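What follows is a set of notes on a single structure, which appears directly below.
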Amino acid sequence: MTNNKKIAMVSGVTGQDGGYLAKFLLQKNYRVLGLYRRGATDTFSKLREHGILEQIELLDFDLLEFSNICRLLKNHQPDEFYNLAAQSFVAASWEEPIYTAQADGIGALYILEAIREFSPKTKFYQASTSEMFGKVQEIPQTETTPFYPRSPYGVSKLMAHWMCINYSESFNIFACSGILFNHESPMRGKEFVTRKITCHLADLFTGKTTEPLELGNLNAKRDWGFAGDYVEMMWKMLQHSEPDTYVVATGKTHSIREFVEEAGRHCGYDLHWEGSDENEKGIDKKTGKVIVKVNPKFYRPAEVEILIGSPEKAKRVLGWEPKTDFKTLCQMMILADIERAK
Ligand code: F7E
């Protein structure tokens, strides 16, 4: 009886969050229309790994093609639209600032315009980001902390964030924005630091490589949660009586160095650090082997040094709390990559 089902459109369905959210919505008995961009290689691997590829109706989508977005909204009149599509790699946003602004800023505006014109009852979720806080003006960051983005990615996302609020206030569109802090999982893309670390350590552990892991700034701190926990908040925001903005975070922060040490422990490494700045190395105490070295190639033109969010409003208003702590997340990721490497 598909007719009675609520319809959710999920852009970016082939990404980390898209897979977890689609799975969550299918369990809630939604009809999931998964929007994906044709042409990317190995597009459906995550959905296949979740075991949900056959249950999602896949539709062509491009954030830069307004006519395509209008047609999708007009034809399907979804109950909910989750905009998870983006150029999401911060480092790449300095190389592709214009594309990033178009996809992450204007792209969200295209969807809002299409909702306004063709499907005004559709509830909209925008994937906002802690990168909007950038050079943080307050610790911890909350829904009222002033923004100070530090990358073309952060600036572009900030535009989409304010458009979302503006369209909600101007046209009475139910548009919510989730300011999600870093959220990881075994499905995370390998360009992001956590998965880069767990993939490489798993390869070292299983003998697939002998090369040290090369990283940039080891001292940056992030508030890392589990993507599987965070998608529930996206949904909860759209079930509430009023559209609003929420910080989604754990309230704890850890450095990149701590993440490597924690993941390394599962491979039997006991890391100590020698040297400083670009000469720093992480060495296994037992074997004397260099496991990590710094490569300035991975430094960013402007760094976000520390992020730590307050999930207080999410708990108070929507009864949401993160379930997965830092150690459990590290363990989940490194064990999954060791399994894959084998
Ligand atoms: O970097 C440092 C790097 O690329 C985290 C995206 O989902 O979360 C993510 O953005 C930190 C930075 O994530 C390497 O300098 C050191 O300080 O894992 P990341 P991100 O930039 O925080 C936010 C919330 C989003 O919205 C984004 O879409 O790690 N770092 N060495 C490194 N980072 C990378 N990628 N590679 C390194 O070798």
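By numbering that gives the first Met the number 0, the letter at position 234 of the sequence shown is numbered 233, and the numbering carries on one by one without gaps. Backbone N, C-alpha and C define an ideal beta-carbon position, used for all residues, glycine too. Please read these numbers as outputs of a predicted model, since none were measured by experiment.
**Report entry** Residue nearest to residue 34 in terms of C-alpha spacing, selected from 48, 261, 260, 8
**Finding:** As a first step, residue 34 must be located in the sequence shown, where it is residue number 35. Checked all of 48, 261, 260, 8; the closest Cα to residue 34 is 8.
Requested in this report: May I ask which residues mark the beginning and end of the beta strand (DSSP E) holding residue 82?
Outcome: Indexing the sequence shown from 1 puts residue 82 at position 83. It spans 79-82 - the beta strand (DSSP E) in which residue 82 sits, taken as one unbroken run.
Query raised in the report: Count the other CB atoms within 10 Å of the CB of residue 238; is the residue buried (16 or more) or exposed (fewer)?
Result: As a working mapping, residue 238 is identified with position 239 in the sequence shown. With fewer than 16 Cβ atoms within 10 Å of its Cβ, residue 238 is classed as exposed.
Query raised in the report: Are the stretch 271-279 and the stretch 240-249 touching by the rule of at least three beta carbon pairs closer than 8 angstroms?
Result: no
Report task. Enumerate in chain order the residues of its own chain whose CB-to-CB distance from residue 283 is below 7 angstroms, with the five nearest sequence positions on each side excluded. Result -> Taking the sequence shown and counting its residues from 1, the one referred to as residue 283 is at position 284. Closer than 7 angstroms at the Cβ level, and outside the excluded window around residue 283, lie 268, 269, 270, 290.
Query raised in the report: Under the rule that 16 or more other beta-carbon atoms within 10 Å means buried, what is residue 74, buried or exposed?
Result: Looking up residue 74 in the sequence shown gives position 75. Under this definition residue 74 is an exposed residue.
Report task. Give me the Cα-Cα distance between residue 80 and residue 230, rounded to the nearest whole angstrom. Result -> Here residue 80 corresponds to residue number 81 of the sequence shown, with the count starting at 1. Here residue 230 corresponds to residue number 231 of the sequence shown, with the count starting at 1. One C-alpha to the other measures close to 13 angstroms.
Query raised in the report: Cβ-heavy atom distance between residue 270 and the ligand F7E below 8 angstroms?
Result: Residue 270 sits at position 271 when you count from the first residue of the sequence shown. Checking every heavy atom of the ligand F7E against the Cβ of residue 270, none is found closer than 8 angstroms.
Requested in this report: For residue 97, count neighbouring C-beta atoms within 10 Å of its own C-beta (all shown protein chains included) and say buried if the count is 16 or more, exposed if not.
Outcome: Position 98 of the sequence shown, counted from the start, is the residue given in the question as residue 97. Exposed, since its Cβ has fewer than 16 Cβ neighbours within 10 Å.
Report task. Go through its chain and collect everything with a Cβ distance to residue 194's Cβ below 6 angstroms, but skip five positions before and after it. Result -> Position 195 of the sequence shown, counted from the start, is the residue given in the question as residue 194. So the list reads 187, once near-sequence residues are dropped.
Requested in this report: Assign residue 210 to one of two classes, buried (16 or more other C-beta atoms within 10 Å of its C-beta) or exposed (fewer than that).
Outcome: Position 211 of the sequence shown, counted from the start, is the residue given in the question as residue 210. Exposed is the call here.
**Report entry** Closest by C-alpha distance to residue 328, when choosing among 285, 32, 257
**Finding:** As a first step, residue 328 must be located in the sequence shown, where it is residue number 329. Nearest of 285, 32, 257 to residue 328, Cα basis: 257.
**Report entry** Where residue 85 falls, given that 16 or more other Cβ within 10 Å makes a residue buried
**Finding:** Reading the sequence shown from its first residue, position 86 is the one you call residue 85. Flag for residue 85 reads buried.
Query raised in the report: Which whole runs of the beta strand (DSSP E) in the stretch 130-183 are 3 residues long or more, in chain order?
Result: 174-179
Query raised in the report: Taking the DSSP output, what are the residues bridged to residue 128?
Result: Residue 128 sits at position 129 when you count from the first residue of the sequence shown. Beta-bridge pairing links residue 128 to 179.
Report task. Could you pull out every unbroken alpha helix (DSSP H) segment of at least 4 residues lying fully inside the stretch 247-329, listed in chain order? Result -> 255-264, 311-317
**Report entry** alpha helix (DSSP H) segments (min. 4 residues) lying fully within the stretch 22-54
**Finding:** 44-49
Query - Residue burial classification, residue 320 (beta-carbon count within 10 angstroms, cutoff 16) - result: Taking the sequence shown and counting its residues from 1, the one referred to as residue 320 is at position 321. Label assigned to residue 320: exposed.
Query raised in the report: For the ligand SAM, is there a heavy atom less than 8 angstroms away from the beta-carbon of residue 155?
Result: Of the ligands this structure carries, namely the ligand F7E, none is the ligand SAM.
Report task. Assign residue 59 to buried or exposed, taking buried as 16 or more other Cβ atoms, counted over all protein chains shown, within 10 Å of its Cβ. Result -> Along the sequence shown, read from residue 1 onward, the residue named residue 59 stands at position 60. Exposed is the call here.
Query raised in the report: When the Cα of residue 99 is compared with those of 62, 76, 123, which residue comes out closest?
Result: Taking the first residue of the sequence shown as position 1, residue 99 is located at position 100. If we check each option's Cα against that of residue 99, 62 comes out closest.
Query raised in the report: Pick from 251, 276, 154: whose alpha carbon is nearest that of residue 323?
Result: Residue mapping note: residue 323 aligns to position 324 of the sequence shown, counting from 1. Here the closest residue by C-alpha is 251.
Query - Where residue 331 sits in the DSSP three-state scheme - result: As a working note, residue 331 is residue 332 in the sequence shown. In the structure shown, residue 331 sits in a helix (DSSP, three-state: H, G or I).
Requested in this report: Taking 9 angstroms as the cut-off, decide whether the C-beta atoms of residue 240 and residue 178 are in contact.
Outcome: Along the sequence shown, read from residue 1 onward, the residue named residue 240 stands at position 241. Along the sequence shown, read from residue 1 onward, the residue named residue 178 stands at position 179. No, the Cβ-Cβ distance between residue 240 and residue 178 is not below 9 angstroms.
Requested in this report: Please work out which residues of its chain come closer than 6 angstroms, Cβ to Cβ, to residue 140, disregarding the five sequence neighbours upstream and downstream, and give them in chain order.
Outcome: For the purposes of this step, residue 140 is identified with residue 141 of the sequence shown, where counting begins at 1. Correct list, in chain order: 132, 308.
Report task. Check residue 122 in the structure and name its three-state DSSP category. Result -> Locating residue 122 in the sequence shown gives position 123, counting from the first residue. Strand, per DSSP.
Query raised in the report: When the Cα atoms are used, what is the spatial distance from residue 17 to residue 288?
Result: Here the question's residue 17 lines up with position 18 in the sequence shown. Here the question's residue 288 lines up with position 289 in the sequence shown. In a straight line, the C-alpha of residue 17 is about 39 angstroms away from that of residue 288.
Query raised in the report: Which residue or residues does DSSP assign as beta-bridge partners of residue 59?
Result: Position 60 of the sequence shown, counted from the start, is the residue given in the question as residue 59. The partner list for residue 59 (beta bridge, DSSP) reads 35.
Report task. With a threshold of 16 other CB atoms inside 10 Å of the CB of residue 148, please say whether the residue is buried or exposed. Result -> Taking the sequence shown and counting its residues from 1, the one referred to as residue 148 is at position 149. By the 10 Å Cβ count, residue 148 comes out buried.
Query raised in the report: If we count the other Cβ atoms within 10 Å of its Cβ and call it buried at 16 or more, is residue 13 buried or exposed?
Result: Start at 1 with the first residue of the sequence shown, and residue 13 comes out as number 14. Per the 10 Å Cβ criterion, buried.
Query raised in the report: How big is the Cα-Cα spacing for residue 105 and residue 159?
Result: Stepping through the sequence shown from its first residue, residue 105 is reached at position 106. Stepping through the sequence shown from its first residue, residue 159 is reached at position 160. Roughly 7 angstroms separates the two Cα atoms.
Report task. Would you check whether the ligand F7E has a heavy atom nearer than 8 angstroms to the C-beta of residue 82? Result -> The residue labelled residue 82 in the question sits at position 83 within the sequence shown. Not under cutoff, so the answer is no.
Query raised in the report: Could you give the residue range of the alpha helix (DSSP H) that holds residue 231?
Result: Here residue 231 is taken as the residue at index 232 of the sequence shown, counted from 1. Where residue 231 is concerned, the enclosing alpha helix (DSSP H) stretches over 226-238.
Query raised in the report: Is any heavy atom of the ligand F7E found at a distance shorter than 8 angstroms from the C-beta of residue 95?
Result: Taking the sequence shown and counting its residues from 1, the one referred to as residue 95 is at position 96. No, the beta carbon of residue 95 sits no closer than 8 angstroms to any heavy atom of the ligand F7E.
Query raised in the report: Who does residue 337 pair with in a DSSP beta bridge?
Result: Looking up residue 337 in the sequence shown gives position 338. Residue 337 pairs with nothing; no bridge assigned.
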